[in-house]
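Participant: Quick one: the structure is below, questions incoming.
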Amino acid sequence: MDGGEIMTEGTGRKEKAKAISNQYRSLFENAVEGIYRTTPSGRYLNANQALARIYGYDSPKALIEGLTDIAHGLYVHPEDRDRFKRLLDHESVVRNFEAQVYRKTGEIIWIAENARLVRDDDGNAVCYEGTVQDITERKLTEERLRLAATVYENVGEAIIVTDTDDVVHAINPAFSRMTGFAVDQVVGLKSKFIADEINDPKTVAEAWDFARRGETWHGELWGRRSNGDVFPASVALTGVQGENGEVGSFVMVASDVTRRKMDEQRIRFHARHDALTKLANRHTVMEALGDAIVRAENEGNRLALLFLDVNHFKDVNDSFGHAAGDELLKQVARRLKGCVRASDIIGRLGGDEFVVALPSITDAQGALACVEKVLYAFSEPFSLPEQELYASTSIGVALYPDHADCAETLLSHADAAMYHAKAGGNAYRFYDSDMDRQAAERVNLENDLRHALAEGQFRLNYQPKIDGISRKVVAAEALIRWKHPTRGNVSPALFIPVAERAGLIGAIGDWALAEACRQMRLWLDDGIEFGCISVNLSPAQFHDASLKQKVERSLSQWGLSPSLLELEITETMMATEVDRAIAIVGELGQMGVRMSIDDFGTGYSSLAYLKLFPVNVLKIDRAFIKELPGNRKDGAIVSSIATLAANLGFEVIAEGVETQAQAGFLLTKGVTLMQGFLFSPAVPPDEFAQLVRTGV
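Mapping of the sequence shown onto full-length UniProt numbering: residues 1 to 696, in sequence order.
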């Protein structure tokens, strides 16, 4: 071999070494993972661009110059660096070492390192070489999965996961608690949860259609427990799409709403029934009576309406107390139920007035047979606390179509007949067209009402609304009073119905609204400040097209902020022409006027519409308060209304609070706003001002 050959061979080795070196550098500089070499003491000797990017530096040079103390400048927990070094010193190799580090910006990320210890020929540590991966996203995913697993195991709602064949893959503990099914009873088997035999097939089909499209269906279905019982469940059913975009599994989240349904049912019942006697209330009676008249007309039958009044009932209240009077009314209701058929209609209109409607009778004798049963039922004494009492009744009877062609007129004529029976000392009377004496008295009262309005005989008294904790006055309810020159004090219960029938209630209500605003201004000028003043609206006022303008005028005239005025309406008013009622309440609310639902729970069942009305306050009717805390059912209703109000964002106030025990019970249910004789009756303006100053 000559010299030229030797040179050629040497050159080839150099070129090969250079190529390998270039290949290594290319890998080093372009690797996705960070690559480094450091001193054992913690300074970087080399780093690639990927490592600089992971740590937030512009270049490897910037990283090497800027990060001179790895233990304290890089690691969030410097002891992790010490542990890393100990592992290398002992094992010479470290794999998947996870730690939190700081980026240049101060952001904390997770990294995983693989490294080896390089030693010299004498076994001394020369440097560390290794790679770095940013595993922050993986760590976040793991944390989310751990959280999801924790939620899955501990959430109160039942969760069941099925495949496209409805085979159960997994359930959570809440599912077992709710249904009684153990894991081995359902996993791997067809789902038994949805009670197909009683669910609406269209609803079930709709739910699965949503889920198969990868959407979520929300609704209520009947679920099944392991013992075969069914129960109402609030369900969210979702189809879960795989990587291919196809739905491969379903997740159902369900909660048992049995208790909520029972609460709603109780509230609906009390909205349509009298709280004391559990008979149908006036609205329900009139609704059923109207339907019965339509059927009678279609079938060519007669219908009889009995209007009953308990004679001298006021004397019972005055002599023996309201508790005795209430017990008498409950016993009257029970006896009336025993006198009628299942198809008959029986209800309490209020006070001591009851009605019985008898559909499908052929003549007056059918009505008379029921009248005789009622009179016989009253012949036995009533057992009141600590004594027996004999009570009698006066009954008025009106027939359809003989005496009236609509429910309201039929009721009016039965009412007139009852007054004649009472006045004549007879036990019952059928209506006839000559019954005008009571009508004449009502006409006289109507004329007196017109004079009262013109001559300023009305006045307002004010009942304080109290914070039950501080006993401070927080608002006032304006209540109208009438002192007639010769009749004396006339009860609102007497003159307001007459005013409504005479079409005067709107004018009287407008006066009350303006007078309440005037008085509020006088109080403010005298430094008497409290929350707001509430005024009751009659149905005529509520549906008056100029109501908004009248409210604006009264507020403007006396320079009052709208928030100082609260208008009280009833459930029945809300339920009449619902869309228009929503618009009226909405207009008043936009003005800033507060809106309150009075006597909540005694009128029309408005739960379906309640969420649509922008009201501020629910007033729990006194009928649910007076037997507290002893009556568990009333307590449950009060608690339900308080919870309903809280969930809908309404304030809640209890009216008719008469005892400290009632107030204490209400406070335990979160009802802090109250009014009633325990604190004060309605009083004149000067007395009310003193209550504001001193509390009650």
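Beta carbons are placed, not taken as given, at the ideal position from N, Cα and C, and that holds for glycine.
I need the boundaries of the alpha helix (DSSP H) containing residue 345, first residue and last residue.
Facilitator: Note, residue 345: premise wrong, no alpha helix (DSSP H); beta strand (DSSP E) at 345-350.
Participant: Below 8 Å between beta carbons: does that hold for residue 452 and residue 431?
Facilitator: Going by C-beta atoms, residue 452 is not nearer than 8 Å to residue 431.
Participant: Mind checking which residues open and close the beta strand (DSSP E) that includes residue 541?
Facilitator: Premise fails: residue 541 lies in the alpha helix (DSSP H), 539-542, not in any beta strand (DSSP E).
Participant: Closest by CA to residue 69, which one among 52, 38, 538?
Facilitator: Of the listed residues, the one whose Cα sits closest to residue 69 is 38.
Participant: Please determine if the region 555-570 and the region 510-521 are in contact, where contact requires at least 3 C-beta pairs separated by less than 8 Å.
Facilitator: The region 555-570 vs the region 510-521: in contact.
Participant: Taking residue 675 as part of the beta strand (DSSP E), name the residues at either end of that continuous run.
Facilitator: Run containing residue 675: 673-675, per the beta strand (DSSP E) assignment.
Participant: Against chain C, does residue 650 count as a neighbour if the rule is that its beta carbon must be under 8 Å from one of theirs?
Facilitator: Given the protein chain composition of this structure (a single chain), no chain C is represented.
Participant: Run the CB neighbour count on residue 690, radius 10 Å, all protein chains shown included, and call it buried at 16 or more, exposed below.
Facilitator: With fewer than 16 Cβ atoms within 10 Å of its Cβ, residue 690 is classed as exposed.
Participant: How would you label residue 258, buried or exposed, when you count the other beta carbons within 10 angstroms and need 16 or more for buried?
Facilitator: So residue 258 ends up on the exposed side.
Participant: Quick one: any contact between the region 496-504 and the region 457-476, if contact means 3 or more CB pairs under 8 Å?
Facilitator: Contact between the region 496-504 and the region 457-476 is absent, because fewer than three Cβ pairs lie under 8 Å.
Participant: Starting from the N-terminal side, write out each stretch of the beta strand (DSSP E) that is 3 residues or longer and does not extend beyond the region 302-326.
Facilitator: DSSP runs (the beta strand (DSSP E)) wholly in the region 302-326: 302-310.
Participant: Can you tell me the Cα-Cα spacing of residue 696 and residue 665, whole angstroms?
Facilitator: Spanning the two alpha carbons is a distance of roughly 19 Å.
Participant: Can you give me the C-alpha to C-alpha distance between residue 314 and residue 323, rounded to a whole angstrom?
Facilitator: Computed Cα separation, rounded: 12 Å.
Participant: How would you call residue 60, buried or exposed, if buried means at least 16 neighbouring beta carbons within 10 angstroms?
Facilitator: Answer is buried; the Cβ neighbour count reaches 16.
Participant: Alpha carbon to alpha carbon, what distance is there between residue 238 and residue 511?
Facilitator: Residue 511 and residue 238: Cα-Cα distance of roughly 58 Å.
Participant: Since residue 132 and residue 108 should fall inside the 8 Å C-beta cutoff, what is the C-beta to C-beta distance between them, to a whole number of angstroms?
Facilitator: Actually they do not touch by this definition, with Cβ atoms about 15 Å apart.
Participant: Are the beta-carbon atoms belonging to residue 391 and residue 328 less than 8 Å from one another?
Facilitator: For residue 391 and residue 328, yes; Cβs fall inside 8 Å.
Participant: Rounded to the nearest angstrom, what separates residue 74 and residue 105 at their Cα positions?
Facilitator: For residue 74 and residue 105, the distance between alpha carbons rounds to 11 Å.
Participant: Runs of 4 residues minimum, wholly inside the region 375-456: which ones carry the alpha helix (DSSP H) assignment?
Facilitator: For the region 375-456, whole alpha helix (DSSP H) runs of length 4 or above, ordered along the chain, are 407-424, 437-455.
Participant: Which residues in the same chain have their Cβ closer than 8 Å to the Cβ of residue 155, if we skip the five residues on either side of it in sequence?
Facilitator: Result list for residue 155: 172, 174, in chain order.
Participant: How would you write the range of the alpha helix (DSSP H) that residue 633 sits in, first residue to last?
Facilitator: Residues 632-648.
Participant: By the DSSP assignment, the alpha helix (DSSP H) with residue 509 in it spans what residues?
Facilitator: Its alpha helix (DSSP H) spans residues 505-525.
Participant: Please determine, among 201, 169, 196, 562, the residue with the shortest C-alpha to C-alpha distance to residue 186.
Facilitator: Of the candidates 201, 169, 196, 562, the one whose C-alpha sits nearest the C-alpha of residue 186 is 169.
Participant: Within 8 Å, do at least three Cβ pairs link the region 621-639 to the region 242-253?
Facilitator: In short, these stretches do not touch, since the Cβ pair count stays below three.
Participant: In this structure, how does DSSP classify residue 5 when only helix, strand and coil are distinguished?
Facilitator: In this predicted model, residue 5 has a pLDDT of only 49, less than 50, meaning its place in the structure is not dependable enough to derive any value.
Participant: With distances taken Cα to Cα, identify the nearest neighbour of residue 240 among 219, 265, 261, 208.
Facilitator: Cα-wise, what sits closest to residue 240 is 208.
Participant: What does the alpha-carbon distance come out to for the pair residue 127 and residue 41?
Facilitator: Their backbone Cα atoms lie some 9 Å apart in a straight line.
Participant: Starting from residue 594, trace the beta strand (DSSP E) in both directions and tell me its first and last residue.
Facilitator: Here the beta strand (DSSP E) through residue 594 covers 594-600.
Participant: In the DSSP assignment, find the beta strand (DSSP E) that holds residue 237 and state where it starts and stops.
Facilitator: That run of the beta strand (DSSP E) goes 230-241.
Participant: Could you give the DSSP three-state label for residue 558: helix, strand or coil?
Facilitator: DSSP places residue 558 in coil when its eight states are reduced to three.
Participant: May I have the straight-line CA-CA distance separating residue 586 from residue 613, to the nearest angstrom?
Facilitator: Distance between the alpha carbons of residue 586 and residue 613: 7 Å.
Participant: What are the boundary residues of the alpha helix (DSSP H) that includes residue 249?
Facilitator: Taken as a continuous stretch (DSSP letters only), residue 249 belongs to no alpha helix (DSSP H), being part of the beta strand (DSSP E) at 247-256.
Participant: For residue 58, does the count of other Cβ atoms within 10 angstroms reach 16, so buried, or fall short, so exposed?
Facilitator: Classification of residue 58: exposed, given that the 10 Å Cβ count is below 16.
Participant: Smallest Cα separation from residue 398: which of 91, 345, 307, 341?
Facilitator: Selected option, being the one with the closest Cα: 307.
Participant: Closer than 8 Å is the cut-off here; do at least three beta carbon pairs connect the region 453-463 with the region 476-489?
Facilitator: Yes: at least three Cβ pairs fall under 8 Å.
Participant: Please check the pair residue 293 and residue 367, which I expect to be a contact at CB under 8 Å, by giving their CB distance rounded to whole angstroms.
Facilitator: Wrong, their Cβ atoms sit about 15 Å apart, outside the cutoff.
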